[in-house]
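**Student:** Last residue of the sequence shown: number 601 in numbering that gives the first Met the number 0, and the count goes up by one each step with no gaps.
Just dropping this structure here.
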Amino acid sequence: MTQDPNETTVPIPIDQALNSAQQAANSPESSPPASTASTDTADTADTADTADTADTQSPTDPQSLAQSSATMALGTIASRLTGMVRDIAIVAAIGFGVFGDTYSVANTVPNIIYILIAGGALNAIFIPQLVRHLEHDLDKGNEYADRLLTLVTLILLGVTFIVTIAAPLVIGIYGPRAWSAADVNSAVLFARFCLPQILFYGLFAMFSQVLNSRKKFTAPMFAPIVNNVVVVITALVFLSVVASKNPTTGTITAGQIALLGIGTTLGIAAQAAVLVPVMAKAGYTWRPRFDLRGQGLGKVRYLAGWTFLFVLTNQLSYIVVTRLAAKANVSAATDPQVISAGFTSYSRAYLLFMLPHSIVTVSIVTFLLPQMSRAVAAGRRSEVARDVGEGTLMASVIIVPACVALFLAGPKISAVLFGFGAATAQEASFVGVILQAFLIGLVPFTIFYVLLRGFYAFEDTKTPALINIGMNVVNVVAALTFYSIADAKWKVPALALGYSLSYVVTVPITWRILSKTTGALPTFDVIRSLVRMALASVFAGLAIWAVLRITGNLLGDARWAELIEILLALGVGGAIYIGFARAMRIEQIHEVTDLVRSRIQR
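Written out as structure tokens, the structure reads:
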């Protein structure tokens, strides 16, 4: 189901452009989730220059790709770290129970609607079209960007107004029938305060795409820090004014709901606002233009139609999953033997699942898409195939070992992160179990993300839309099947497993189709490298498992002890992975480690 912008964050099939809006903003989303605002200003400016310089290098130079991706990853890491703090604060405030689900569903709906209306189209279409007009128009595409921004803003304003009025209907679609009247009222009130986020998600995504088309990649990666800081402050204030440690829909007041809802929305608004001066510095100032007819926007409308179908199928399956997850929590509330796990648990597990992807893959692909679009415009299809292969491997060299590490340490990590306030240690640890089910699909998820950008470089939105229909059919069938046969405790992990299965099934088909489009993807080279990465990760995984067992017996299960155990295990596992990867001559590990070493020396 993705992002934040970093990402509100829920498994919205990865293309929900969260990635601009969801992944960056919600870092996410927790909504799809999303550091430390003080990664010095000077350092930020320096990394921005590095990204811009690197982007002018050879388009097929892996070192250029690594350098630019690393620069963006710094911003994403900073955003994700503060996003993690944000999610810790939010979970401490709302817990994993039904009340927490009413907030999580209401706060996720704006992201879903934004993605449905415009998010997918912006990611698939905006960059290729902007690059085309940037290179061919005398004004470097400024007027075209003005009109496109104006059109999308008008659409989002209208949608925001309508859905805010229709908040009860919207919540009725995503909330389970098992919710009580108090639960529904809480969700509807949250939704009224959160739905204006639709407009701000769109503005953030559009501003980010304008900057990306001008080779300014860094600022959009750091902007979510502002959102995260605002939401953390909001959660802390909420904790200070709510008398009960475990708030419920029966004890919470309208004023407390307003505090949490308005504060969350202000964070998204601030995230978009900080990009305005950055665009001005990059030479672009948005001037609304309303002469929209006959200005070349017809092609955008055609392309957006297929993208809308893509996102619509995602959302139909997402409605099914959201309702099932929230329903599972209502059932858990009546059985003391079942750990509370519902939509909030599901979305936090997805947040952890998205963490390596958003730091590594999104950074790489953000750099690659404009580059691939230029190659297509120049008729160099073979370069697109090469970029897809290189992008897949550059991402996988980190994603594969991260998948193994998170699978083994996931329950401990989630316990350390979320076991505060209204959340119990058991509930927090169980998020890691849901995460394990998600991780089965992490590598296919990453590859699928890269492949989609290959289609979008060709301005082909029809093929991904048709592929996506099949993938979502698999997701829904698997979710319904696994949910129906799973015991009460395992229903939410069953939903995550169905999500993973849909990517496992879809990726080989998608790879074959794009290979025909580009001429030939480097299939053998990619498979060979992935096998090597997997073998190196197995050795690293054995080390992680051993360290966790040994240190767990020695240090116990106190929070500080588990944190030490995790850090030691990941450190040892990382060192062993790098050693085996170098021994197996995995080229991408050399590029990554050399880059890290050069930055440390700086």
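A virtual CB, placed ideally from N, CA and C, is assigned to each residue, including glycine.
Note that the structure is predicted; figures quoted are calculated from it, not measured.
#1: Measuring only the C-alpha atoms, how far is residue 151 from residue 373?
#2: DSSP three-state call for residue 568: helix, strand or coil?
#3: Could you check where the alpha helix (DSSP H) with residue 362 kicks off and where it finishes?
#4: Is the CB-CB distance between residue 567 and residue 546 below 7 Å?
#5: Does the Cβ of residue 328 have 16 or more other Cβ atoms within 10 Å, making it buried, or fewer, making it exposed?
#6: Short of 7 Å in beta carbon distance, which residues of its chain neighbour residue 158, apart from the five on each side in sequence? Order them along the chain.
#7: Please report how far the alpha carbon of residue 268 lies from the alpha carbon of residue 530, in whole angstroms.
#8: How far does the alpha helix (DSSP H) with residue 526 in it reach, from first residue to last?
#9: Per DSSP, what kind of secondary structure is residue 194 in: helix, strand or coil?
#10: Consult DSSP for residue 429 and reduce its assignment to one of helix, strand or coil.
#11: Drop a sphere of 10 angstroms on the beta-carbon of residue 340, count the other beta-carbons inside from all chains shown, and report buried for 16 or more, exposed for fewer.
#12: In terms of residues, what are the limits of the alpha helix (DSSP H) holding residue 260?
#13: Does DSSP classify residue 145 as helix, strand or coil?
#14: With a threshold of 6 Å on Cβ separation, who are the neighbours of residue 199 within its own chain once the five nearest residues in sequence on each side are excluded?
#15: Between the alpha carbons of residue 338 and residue 491, how many angstroms are there, rounded?
#16: Which residues mark the beginning and the end of the alpha helix (DSSP H) in which residue 510 is found?
#17: I need the straight-line Cα distance from residue 50 to residue 98, nearest angstrom please.
#18: Quick one: residues in its chain with C-beta nearer than 6 Å to the C-beta of residue 468, no 5 flanking neighbours on either side, listed in chain order?
#19: Which residues mark the beginning and the end of the alpha helix (DSSP H) in which residue 345 is found?
#20: How about the stretch 510-522 and the stretch 451-462: do they share at least three Cβ pairs that are nearer than 8 Å?
#21: Shorter than 6 Å, the distance from the beta carbon of residue 251 to the closest heavy atom of the ligand ATP, or not?
#22: Identify, in the order they occur along the chain, each residue of the same chain with its Cβ nearer than 7 Å to the Cβ of residue 249, setting aside the five sequence neighbours on each side.
#23: Does residue 259 pass the burial test, meaning 16 or more other C-beta atoms within 10 Å, or should it be called exposed?
#24: Just confirm the distance between the C-beta atoms of residue 508 and residue 439, as a whole number of angstroms; I'd bet it's less than 8 Å.
#25: What did DSSP end up calling residue 339 once you bin it into helix, strand or coil?
#26: Alpha carbon to alpha carbon, how far is residue 37 from residue 575?
#27: Straight-line CA distance for residue 358 to residue 314?
#28: Per DSSP, what kind of secondary structure is residue 389 in: helix, strand or coil?
#29: Is it buried or exposed for residue 425, if we count other Cβ within 10 angstroms and need 16 for buried?
#30: Is DSSP giving residue 179 helix, strand or coil here?
#31: What three-state label does DSSP hand residue 249 in the structure shown?
#32: Is it the case that the Cβ atoms of residue 392 and residue 87 are separated by a distance below 7 Å?
#33: How would you label residue 214, buried or exposed, when you count the other beta carbons within 10 angstroms and need 16 or more for buried?
**Tutor:** This is what the structure holds:
#1: For the purposes of this step, residue 151 is taken as the residue at position 152 of the sequence shown. For the purposes of this step, residue 373 is taken as the residue at position 374 of the sequence shown. Each residue's alpha carbon lies about 24 Å from the other.
#2: Here residue 568 refers to the residue found at position 569 of the sequence shown. Under the three-state reduction of DSSP output, residue 568 falls in the helix class.
#3: As a working note, residue 362 is residue 363 in the sequence shown. Unbroken alpha helix (DSSP H) run through residue 362: 361-376.
#4: Walking along the sequence shown from the start, residue 567 turns up at place 568. Walking along the sequence shown from the start, residue 546 turns up at place 547. In this structure, the beta-carbon distance from residue 567 to residue 546 falls below 7 Å.
#5: Looking up residue 328 in the sequence shown gives position 329. Burial of residue 328 is indicated by the presence of at least 16 other C-beta atoms within 10 angstroms of its C-beta.
#6: On the sequence shown, residue 158 is found 159 positions in, with the first residue counted as 1. Counting only Cβ-Cβ distances below 7 Å, and skipping sequence neighbours, we find 112, 116 and 197.
#7: Taking the first residue of the sequence shown as position 1, residue 268 is located at position 269. Taking the first residue of the sequence shown as position 1, residue 530 is located at position 531. Rounded to the nearest whole angstrom, the CA to CA distance from residue 268 to residue 530 is 44 Å.
#8: In the sequence shown, the residue the question calls residue 526 occupies position 527. DSSP places residue 526 in the uninterrupted alpha helix (DSSP H) bounded by 522-554.
#9: Locating residue 194 in the sequence shown gives position 195, where the first residue counts as 1. Residue 194 falls in the coil class under three-state DSSP.
#10: Numbered from 1 along the sequence shown, position 430 holds the residue referred to as residue 429. In the structure shown, residue 429 sits in a helix (DSSP, three-state: H, G or I).
#11: Reading the sequence shown from its first residue, position 341 is the one you call residue 340. If you draw a 10 Å sphere on the C-beta of residue 340, you find 16 or more other C-beta atoms in it, and that means buried.
#12: Numbered from 1 along the sequence shown, position 261 holds the residue referred to as residue 260. Where residue 260 is concerned, the enclosing alpha helix (DSSP H) stretches over 253-272.
#13: In the sequence shown, counting from the first residue as 1, residue 145 sits at position 146. Helix.
#14: The residue you call residue 199 lines up with position 200 of the sequence shown. Sequence-distant partners of residue 199 (beyond 5 residues in either direction) whose C-beta falls short of 6 Å from its own C-beta, in its chain, are 267, 268 and 271.
#15: Here residue 338 is taken as the residue at index 339 of the sequence shown, counted from 1. Here residue 491 is taken as the residue at index 492 of the sequence shown, counted from 1. So the alpha carbons of these two residues sit roughly 11 Å apart.
#16: Residue mapping note: residue 510 aligns to position 511 of the sequence shown, counting from 1. Membership of residue 510 in the alpha helix (DSSP H) is indicated by the continuous run 490-517.
#17: As a first step, residue 50 must be located in the sequence shown, where it is residue number 51. As a first step, residue 98 must be located in the sequence shown, where it is residue number 99. Caution is warranted here: a pLDDT of 37 is assigned to residue 50, below 50, making its placement in the model unreliable, and the coordinate value is therefore given only provisionally. Residue 50 and residue 98: Cα-Cα distance of roughly 43 Å.
#18: Residue numbering aside, residue 468 sits at position 469 when the sequence shown is read from its first letter. Closer than 6 Å at Cβ, skipping near neighbours: 312.
#19: Translated into positions along the sequence shown, residue 345 becomes position 346. Start and end: 342-355.
#20: Touching, per the Cβ criterion.
#21: The model depicted lacks the ligand ATP and carries no ligand whatsoever.
#22: Stepping through the sequence shown from its first residue, residue 249 is reached at position 250. Correct list, in chain order: 181.
#23: By 1-based counting over the sequence shown, the position of residue 259 is 260. Buried: at least 16 other Cβ atoms inside 10 Å.
#24: The residue you call residue 508 lines up with position 509 of the sequence shown. The residue you call residue 439 lines up with position 440 of the sequence shown. With a Cβ gap of about 18 Å, residue 508 and residue 439 do not count as contacting.
#25: Indexing the sequence shown from 1 puts residue 339 at position 340. Residue state, collapsed to three classes: coil.
#26: By one-based count along the sequence shown, residue 37 stands at place 38. By one-based count along the sequence shown, residue 575 stands at place 576. Because the pLDDT at residue 37 is just 32, under 50, the model does not fix this residue reliably, and the value given afterwards should be weighed accordingly. Cα to Cα, the separation comes out at about 32 Å.
#27: Taking the sequence shown and counting its residues from 1, one reaches residue 358 at position 359. Taking the sequence shown and counting its residues from 1, one reaches residue 314 at position 315. Taking the straight line joining both Cα atoms gives about 24 Å.
#28: The count along the sequence shown starts at 1 and reaches residue 389 at position 390. Looking at residue 389 - three-state DSSP - the assignment turns out to be helix.
#29: Taking the first residue of the sequence shown as position 1, residue 425 is located at position 426. Classification of residue 425: exposed, given that the 10 Å Cβ count is below 16.
#30: One-based indexing of the sequence shown puts residue 179 at position 180. Judged by DSSP in its simplified three-state form, residue 179 adopts coil rather than helix or strand.
#31: Against the sequence shown, residue 249 aligns to sequence position 250. Of the three classes helix, strand and coil, the one that applies to residue 249 here is coil, per DSSP.
#32: Position 393 of the sequence shown, counted from the first residue, corresponds to residue 392. Position 88 of the sequence shown, counted from the first residue, corresponds to residue 87. Cβ distance not < 7 Å, so residue 392 and residue 87 don't count as in contact.
#33: For this step, residue 214 is matched to residue 215 along the sequence shown. Residue 214 is buried by the Cβ-count criterion.
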